[in-house]
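Residue numbers (the numbering used here): 8 to 354.
Cβ coordinates follow ideal geometry from the N, Cα and C atoms, glycine included.
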């Protein structure tokens with residue numbers, strides 16, 4: 008089996024870049040919603056008489072008001088994401104079919120998955136195994152818990168309303184609860200968008216298993232890739248219409264990105280024509296490199312300090328000492344191994 012077709016890679020990566028622009032716009036809209044939420048919370052807290060004078064009943068009523076504000080805006084943010092991703096699965100599938108039909112040397116006759124398949128996909132987005140709706144509820148619950156604690160602690164410590172508000176919005180050098188809430192919401196938006204796009208692309212590959220023979224995990228060659236995605240980079244699985252994908256040359260079960268929040272990896276197709284295609288290049292943090300460049304190759308050109316930062320000092324030293332390869336950062340089920348587990352296994 009040959010490698011990846013350069014024109015195919017370029018078309019898919021280019022679409023990924025466009026997708027990131029769409030994603031960035033959605034993130035901006037969602038963060039604007041949470042900024043309005045923050046402003047309403049500030050007004051609610053600042054308009055009160057000194058919170059330290061509140062009795063138990065008034066505190067409970069205030070916390071109910073805060074929770075109601077949070078639920079309202081998180082529901083709005085959830086709706087904004089749904090609106091921005093409406094039709095994304097269909098658009099991604101259509102782009103994938105068009106790419107297969109136009110970038111290869113011969114017409115493939117690639118076809119779309121059924122409308123029912125794409126609809127189910129868009130309605131059942133999973134992030135780290137959990138439904139998207141539950142993640143929004145989890146964000147609202149987590150922010151509510153932290154805000155309630157901040158208000159209670161401020162009251163107990165005799166803080167002014169302004170000091171309690173600073174816990175919410177943050178101050179110089181100290182992020183507030185809302186800054187963390189915004190980062191978490193942005194991660195959900197990014198990951199959900201990538202999940203829809205990757206799932207639609209995968210379903211299209213499966214629908215055209217006579218053309219797409221294998222699937223290859225593709226990780227960007229840069230300093231933001233986590234050890235787990237480094238280990239998966241370049242791994243291949245057989246493609247099939249029924250969604251069962253046997254490993255090729257390894258034992259790691261098939262999984263499709265994103266496998267964690269803010270995962271930017273994609274699954275690329277190896278077609279029946281890939282073996283006859285000339286080798287090309289791929290982008291890296293340091294510029295274009297041959298398409299055959301592995302993550303081990305690329306990381307070996309980095310400084311020891313950069314390797315330490317990306318892998319962690321202990322893992323990086325084991326890798327430099329050639330006790331492990333990047334592929335050995337995960338176990339046979341694709342789970343990341345801790346440093347102690349690696350040291351025990353590869354002394």
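- CA-to-CA, the gap between residue 171 and residue 41 works out to about 19 Å.
- Straight across, the Cα-Cα distance linking residue 19 with residue 106 is about 8 Å.
- DSSP places residue 242 outside any alpha helix (DSSP H), giving it a letter other than H or E.
- Per DSSP, the beta bridge partners of residue 224 are 274.
- When DSSP reads this structure, residue 296 sits in a beta bridge with 289.
- If you look at residue 323, you'll find it in the alpha helix (DSSP H) that goes 320-327.
- Counting only runs of 4 or more residues that sit fully inside the segment 103-181, the alpha helix (DSSP H) segments are 122-130, 139-163 and 168-176, in chain order.
- Taking the Cβ atoms as the reference, residue 226 lies roughly 12 Å from residue 317, outside the contact range of under 8 Å.
- Ranking 293, 261 and 63 by CA distance to the CA of residue 339 puts 261 first.
- In this structure, residue 201 lies near residue 265, with their beta-carbon atoms less than 9 Å apart.
- Residues of the same chain with a CB within less than 8 Å of the CB of residue 32, apart from the 5 flanking positions on each side, are 91 in chain order.
- In the three-state reduction of the DSSP assignment, residue 337 falls in the strand class, which pools E and B.
- Using a Cβ distance threshold of 9 Å, residue 162 and residue 59 count as a contacting pair.
- Residue 195: member of the alpha helix (DSSP H) spanning 184-214, first to last residue.
- Minimum Cα-Cα distance from residue 337 among the listed residues 237, 175 and 267 corresponds to 237.
- The three-state reading of DSSP puts residue 264 in coil, since its state is none of H, G, I, E or B.
- Contact between the segment 121-137 and the segment 205-218 is present: 3 or more CB-CB pairs across the two stretches fall below 8 Å.
- The Cβ atoms of residue 322 and residue 228 lie no closer than 9 Å to each other.
- Looking at the backbone, the Cα of residue 189 and that of residue 218 are separated by about 42 Å.
- Remark: fewer than three beta-carbon pairs, one from each stretch, lie closer than 8 Å, so the segment 65-74 and the segment 239-259 are not flagged as touching.
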